[in-house]
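Number of protein chains: 2
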Amino acid sequence: MSKRVEIYDTTLRDGTQSEDVNFTIADKVKIAEALYDFGVRYIEGGWPGSNPRDIGFFKAVKGSSVPDDHIAAFGSTRRAKRTCDNDENIQALLEVEVPNLTIFGKTWDLHVTEALKIELDQNLELINDSLSYLKTKVDRAFYDAEHFFDGYKANKEYALRTLKAAMDAKADCIILCDTNGGTMPAEIGSIIDEVRKVTGDYPLGIHCHNDSDCAVANSVIAVKHGIVHVQGTVNGYGERCGNANIMSVIPNLQLKYGYECVPVDKLKNLRTVSRYINELGNLKHNIHQPYVGRSAFAHKGGVHVSAIMKNSSTYEHIEPELVGNRQRVLLSDLSGKSNLIYKAKDFGLDVDSSDPKINAVVERLKELENKGFQFEGAEASFELLMRKTMGTFTPFFDSISYRVIDEMNTNMGSPLAEATVMIKVDGEQEHTAAAGNGPVNAIDNAIRKALLNFYPNLKDMELVDYKVRILTTGTGTEAVTRVLVESKDTDGTWGTVGVATNIVDASYQALMDSIEYKLLKDKEKE
Amino acid sequence: MSKRVEIYDTTLRDGTQSEDVNFTIADKVKIAEALYDFGVRYIEGGWPGSNPRDIGFFKAVKGSSVPDDHIAAFGSTRRAKRTCDNDENIQALLEVEVPNLTIFGKTWDLHVTEALKIELDQNLELINDSLSYLKTKVDRAFYDAEHFFDGYKANKEYALRTLKAAMDAKADCIILCDTNGGTMPAEIGSIIDEVRKVTGDYPLGIHCHNDSDCAVANSVIAVKHGIVHVQGTVNGYGERCGNANIMSVIPNLQLKYGYECVPVDKLKNLRTVSRYINELGNLKHNIHQPYVGRSAFAHKGGVHVSAIMKNSSTYEHIEPELVGNRQRVLLSDLSGKSNLIYKAKDFGLDVDSSDPKINAVVERLKELENKGFQFEGAEASFELLMRKTMGTFTPFFDSISYRVIDEMNTNMGSPLAEATVMIKVDGEQEHTAAAGNGPVNAIDNAIRKALLNFYPNLKDMELVDYKVRILTTGTGTEAVTRVLVESKDTDGTWGTVGVATNIVDASYQALMDSIEYKLLKDKEKE
Chain A
49 MSKRVEIYDT TLRDGTQSED VNFTIADKVK IAEALYDFGV RYIEGGWPGS NPRDIGFFKA
109 VKGSSVPDDH IAAFGSTRRA KRTCDNDENI QALLEVEVPN LTIFGKTWDL HVTEALKIEL
169 DQNLELINDS LSYLKTKVDR AFYDAEHFFD GYKANKEYAL RTLKAAMDAK ADCIILCDTN
229 GGTMPAEIGS IIDEVRKVTG DYPLGIHCHN DSDCAVANSV IAVKHGIVHV QGTVNGYGER
289 CGNANIMSVI PNLQLKYGYE CVPVDKLKNL RTVSRYINEL GNLKHNIHQP YVGRSAFAHK
349 GGVHVSAIMK NSSTYEHIEP ELVGNRQRVL LSDLSGKSNL IYKAKDFGLD VDSSDPKINA
409 VVERLKELEN KGFQFEGAEA SFELLMRKTM GTFTPFFDSI SYRVIDEMNT NMGSPLAEAT
469 VMIKVDGEQE HTAAAGNGPV NAIDNAIRKA LLNFYPNLKD MELVDYKVRI LTTGTGTEAV
529 TRVLVESKDT DGTWGTVGVA TNIVDASYQA LMDSIEYKLL KDKEKE
Chain B
49 MSKRVEIYDT TLRDGTQSED VNFTIADKVK IAEALYDFGV RYIEGGWPGS NPRDIGFFKA
109 VKGSSVPDDH IAAFGSTRRA KRTCDNDENI QALLEVEVPN LTIFGKTWDL HVTEALKIEL
169 DQNLELINDS LSYLKTKVDR AFYDAEHFFD GYKANKEYAL RTLKAAMDAK ADCIILCDTN
229 GGTMPAEIGS IIDEVRKVTG DYPLGIHCHN DSDCAVANSV IAVKHGIVHV QGTVNGYGER
289 CGNANIMSVI PNLQLKYGYE CVPVDKLKNL RTVSRYINEL GNLKHNIHQP YVGRSAFAHK
349 GGVHVSAIMK NSSTYEHIEP ELVGNRQRVL LSDLSGKSNL IYKAKDFGLD VDSSDPKINA
409 VVERLKELEN KGFQFEGAEA SFELLMRKTM GTFTPFFDSI SYRVIDEMNT NMGSPLAEAT
469 VMIKVDGEQE HTAAAGNGPV NAIDNAIRKA LLNFYPNLKD MELVDYKVRI LTTGTGTEAV
529 TRVLVESKDT DGTWGTVGVA TNIVDASYQA LMDSIEYKLL KDKEKE
């Protein structure tokens with residue numbers, strides 16, 4: 049019999065409190081579908097009483113693939129001067145017609161007297177009355193004990209009485225909230241132990257915020273102390289420093305302790321779910337994110353690399369495939385020939401460690417790294433370098449010349465960047481010009497224009513990121529420049545690099561590699 | 049009597065194992081200086097035996113403001129077939145001539161037999177012998193017990209014997225390492241309790257990795273269980289998912305538990321240190337980062353906002369000022385004015401809080417921050433902005449126009465960058481041209497050439513650093529470029545900023561500010 053923990057996702061409600069998170073209703077429905085497919089038990093869609101836009105979601109999700117039973121709505125206890133029947137907030141909750149409702153109430157005596165400005169006993173009535181009412185209307189009513197841990201530390205006896213009020217109303221689960229995110233992992237377990245002396249086997253949940261960088265740890269500790277329901281958000285979105293990241297909580301509980309949070313065969317979709325929801329939110333992927341990040345199983349140090357090639361458990365806490373991720377070996381001045389062979393195999397190149405061409409690649413690599421090249425994040429350039437050095441690359445075009453002019457004067461509203469480019473494909477010459485937002489964008493536009501006649505597939509390729517690093521300090525604008533370009537098409541993303549004293553030249557190299565890589569991959573597909 | 053915990057920073061060694069972290073030697077020295085100023089006890093500079101580039105750092109740091117006593121170097125136990133006297137790694141450690149050395153050794157029996165391929169007892173000798181040897185040569189020798197927690201779980205008895213070998217050699221501290229980052233917060237305390245039954249009061253340290261999203265929590269728990277030395281990195285840089293983030297560990301221990309990690313009056317520099325080191329590494333600031341992030345004390349929800357305006361502790365776990373951060377209310381940002389007045393006084397401007405011009409500066413600042421301007425590291429631009437908005441700045445010259453051409457073709461050995469610039473000083477026009485290594489350098493050369501006739505003091509000014517960051521604002525895909533320029537003369541250094549879609553334009557703004565600031569300061573001196 050495997051132990052179960054209920055995952056209650058609040059990405060669509062608490063997650064959208066984040067400064068940089070903003071989903072359309074259509075996005076929210078897609079996210080709900082992705083979470084349901086992934087096996088998340090409850091998906092909180094919004095706060096109908098506080099945000100009218102959320103009402104649109106509850107309508108829209110009814111036409112989706114997500115069964116009603118998995119959708120929850122959020123609100124608060126009724127106001128002191130109203131009955132539940134005429135409290136707008138409570139009624140707004142019922143109007144969205146979902147079977148699961150969560151309301152929050154005050155635990156901290158200070159908030160009752162200072163924010164609500166009511167008597168302590170009256171707050172107990174609000175909690176009990178609101179939950180009792182909702183219990184007659186829907187399948188499940190959950191209770192979020194706001195500021196539970198701060199309230200407990202301020203007035204333990206009163207905090208426990210608020211929980212008792214929710215228990216008496218037969219709330220389906222009582223969730224202990226670390227609303228301000230200030231609770232330390234060394235105290236959370238002992239507080240929960242004390243609570244359970246009073247609540248016994250009553251189902252308890254946990255809702256953590258990450259203000260002390262401990263939200264995931266606190267959630268895991270809570271489960272080890274008997275909590276059966278965990279609230280959190282995908283990728284830890286949320287106000288301030290975010291909520292507990294369920295992309296970390298789920299694999300921690302499932303892989304380290306054997307709890308079932310999502311069906312066993314679904315865990316391998318973890319990385320895909322994380323990336324997909326980042327994409328919908330137009331948020332950048334954190335390469336270092338535990339379990340799902342691109343670097344989560346990436347090895348750079350030579351000691352580590354030679355060890356993982358013998359036995360991957362030596363420097364990996366889990367098998368990356370369990371969460372849909374994979375092992376990567378990075379190229380850097382710390383490593384050597386064994387990394388290269390690993391990479392070559394990754395690229396599908398048939399390479400023997402005794403092949404003298406491998407030494408030529410090592411030499412070329414050292415030479416470029418001394419110049420300031422860096423192939424982490426630019427694996428496409430590295431693959432091209434490897435193929436070119438080993439003689440397995442046929443050029444798609446020749447670059448003849450470029451020229452770019454940037455101009456600004458007091459008669460102009462904004463500066464002008466204009467580029468001309470000359471290239472040759474199979475002896476045929478193309479000479480074009482284009483404008484752009486800046487010199488690099490202008491050259492990029494001109495090259496594509498020149499090549500598009502020969503390679504129409506370049507149309508579906510776009511630049512997604514462009515990074516510039518000045519390498520030698522102390523020489524100001526004469527310094528060596530490294531440019532990293534990230535491109536994407538419908539199949540995925542790839543990175544390329546260029547290094548030169550001239551930033552335009554460095555950018556040109558990275559752009560050229562990016563285009564050559566795209567053409568190479570498309571040719572391989574044929 | 050306040051309890052103390054030693055902070056041992058490994059940003060410059062373990063931090064550089066991160067896929068996207070790459071510091072020049074000059075950057076590393078600046079980081080060491082910043083960490084020393086912040087009050088960090090030990091700064092690990094690198095691994096001389098593994099990375100020849102690190103040796104350069106140890107040479108360079110001797111000329112810095114950081115006393116030797118705070119610098120540490122990292123290495124491993126001697127190899128099985130060598131004595132310490134002829135082991136390259138051990139000797140490389142001694143050659144960098146620092147008083148603190150840390151070596152790692154194997155705890156996990158599997159690694160001893162599989163990776164080192166030696167007998168278990170022989171590994172104990174390596175540990176004891178290497179540490180005993182180093183103890184005769186330097187002030188302090190620390191021992192990193194690699195894979196301690198995994199090793200302990202695999203073979204408790206052997207893991208404890210490895211610690212005993214280090215204790216017998218009188219290592220100054222024994223650091224328990226969660227090398228793979230897989231240890232759960234619910235088990236770390238009990239394992240340390242078991243260890244301490246054997247080690248008693250022997251000083252123990254902790255070194256956590258973040259693969260399970262628990263590195264900060266595990267470090268804090270370890271301290272509550274008697275650990276006195278914490279290793280980690282600034283902003284959690286490090287291989288895979290990073291190391292324990294000391295920007296979170298320090299305030300957790302200091303503000304929540306009253307441990308002294310850095311001097312009490314230094315904690316308010318936390319945010320500045322975090323940002324500064326991100327800037328040096330050209331790494332993006334994580335707005336949600338606990339304690340130091342721009343959003344860490346930002347409130348969006350209406351309930352929260354009205355509550356914090358009454359009492360900030362209602363939704364903030366600490367006072368943001370304690371770590372140099374500030375409360376922000378999104379959409380209706382009312383704060384900032386007092387900061388501005390503080391800054392104005394800093395610049396020697398006589399400003400009254402009731403002066404309506406202060407509001408104009410607040411408005412202008414908001415407008416620029418929305419465009420992507422950032423004035424950390426660019427205070428010279430901020431001072432110019434303030435003076436210009438308040439009407440206390442007299443221009444030294446007018447910029448009329450610039451044009452820059454970058455050209456490359458197959459007949460040229462390297463690309464050509466040529467700039468023309470037109471400026472006016474007191475009605476007198478100057479039109480010059482200059483070449484450069486790239487478009488920005490060419491413009492820089494041309495402007496100076498044009499101005500030197502009027503302001504010969506520009507001769508002793510030079511650009512020392514130039515950083516480019518591509519920002520993507522909002523939901524759009526249009527890239528905005530931010531350029532930070534650092535300049536110096538005989539009196540000191542100053543930073544300026546420019547933001548535009550066109551990189552040349554952004555650079556031009558930063559260069560202009562840099563020159564104007566120099567002319568302003570020289571005039572003030574007269």
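Which chain is which? The protein sequence lines are A and B, in order.
Note that our numbering numbers the first sequence so that position 214 is 262, with each residue one more than the last.
Note that our numbering numbers the second sequence so that position 440 is 488, with each residue one more than the last.
We put the beta carbon where it would ideally sit given N, CA and C, even for glycine.
- B/E572 sits exposed, since fewer than 16 C-beta atoms from the chains shown fall within 10 Å of its C-beta.
- Below the 7 Å Cβ cutoff, chain B contributes Y363, E364, H365 as neighbours of A/N228, in chain order.
- Apart from the 5 residues on each side of it in sequence, A/N266 sits with its Cβ closer than 8 Å to the Cβ of D226, T231, P233, I236, I254, C256, A292 in its chain, given in chain order.
- With contacts defined by Cβ atoms closer than 8 Å, A/G290 and B/H336 form a contacting pair.
- In the DSSP assignment, B/Y450 falls within the beta strand (DSSP E) that extends over 446-457.
- Within 10 angstroms of the beta-carbon of B/A214 lie 16 or more other beta-carbons, which makes it buried.
- In this structure the segment 472-486 of chain B does not touch the segment 562-570 of chain A; the number of beta carbon pairs closer than 8 Å is below three.
- Taking the C-beta atoms as reference points, B/K154 is found no nearer than 8 Å to B/L142.
- Close partners of B/I325 in chain A (Cβ separation under 9 Å) are lacking, with about 15 Å as the shortest Cβ gap.
- For the segment 253-274 of chain B, the residues whose beta carbon sits under 9 Å from a beta carbon of chain A are, in order, H257, N258, D259, S260, D261, C262, A263, V264, A265, N266, V268, I269, V271, K272, H273.
- A/M460 counts as exposed, since fewer than 16 other C-beta atoms from the protein chains shown sit within 10 angstroms of its C-beta.
- Bounds of the beta strand (DSSP E) holding A/Y191 are 188-194.
- The DSSP-derived three-state label of A/E167 is coil.
- Within the same chain, and ignoring the five residues on either side of B/T210 in sequence, the residues whose Cβ sits closer than 8 Å to its Cβ are G153, K154, T155, N171, L172, I175, A193, G199.
- Nearest to B/K304 by C-alpha distance, out of A/G229, A/Y206, A/L168, is A/G229.
- Residue pairing of B/N148 in beta bridges, as defined by DSSP: B/A120, B/R188.
- Between A/P338 and A/A346 the beta-carbon gap is near 13 Å, outside 8 Å, which marks them as no contact.
- Interface annotation, B/Y450: in contact with chain A, CB-CB separation under 8 Å.
- Put simply, the CB of B/Q65 is near chain A, with a gap under 8 Å to one of its CB atoms.
- Not flagged as an interface residue toward chain B: A/P368, since no C-beta distance is shorter than 8 Å.
- Among the residues of chain B, none has a CB under 8 Å from the CB of A/Q139; the nearest is roughly 19 Å distant.
- Contact check for A/P463 against B/D553 passes: the beta carbons are separated by less than 8 Å.
- For the 8 Å CB-CB criterion, A/Y450 and A/I491 form a contact.
- In this chain, B/L532 is not harboured by any alpha helix (DSSP H); it is covered by the beta strand (DSSP E) spanning 527-537.
- The criterion of a C-beta distance shorter than 8 Å is satisfied by B/D102 and B/G93.
- If you draw a straight line from the Cα of B/L224 to the Cα of B/K183, it comes to about 20 Å.
- The way I'd put it, the segment 384-399 of chain A doesn't touch the segment 295-302 of chain A; fewer than three beta-carbon pairs between them come closer than 8 Å.
- A contact between stretches requires three or more CB pairs, one per stretch, nearer than 8 Å, and the segment 494-509 of chain A meets this requirement with the segment 464-471 of chain A.
- Following the DSSP letters along the chain, one finds A/T320 inside the alpha helix (DSSP H) bounded by residues 318-328.
- At a beta-carbon threshold of 7 Å, none of the residues of chain A lie near B/T442; the nearest stands roughly 19 Å away.
- Between the alpha carbons of B/K129 and B/A80 lies a distance of about 35 Å.
- Here the alpha carbons of A/I240 and A/H195 stand approximately 14 Å from one another.
- Chain order gives no chain A residues near B/K436, where near means a beta carbon separation below 9 Å; the closest approach is about 18 Å.
- Assigned with DSSP and collapsed to three states, B/E427 falls in helix.
- Counting the other CB atoms within 10 Å of its CB gives A/A548 a total of 16 or more, which places it among the buried residues.
- Taking C-beta separations shorter than 7 Å and ignoring five residues to either side along the sequence, the partners of B/R244 in its chain run G274, following chain order.
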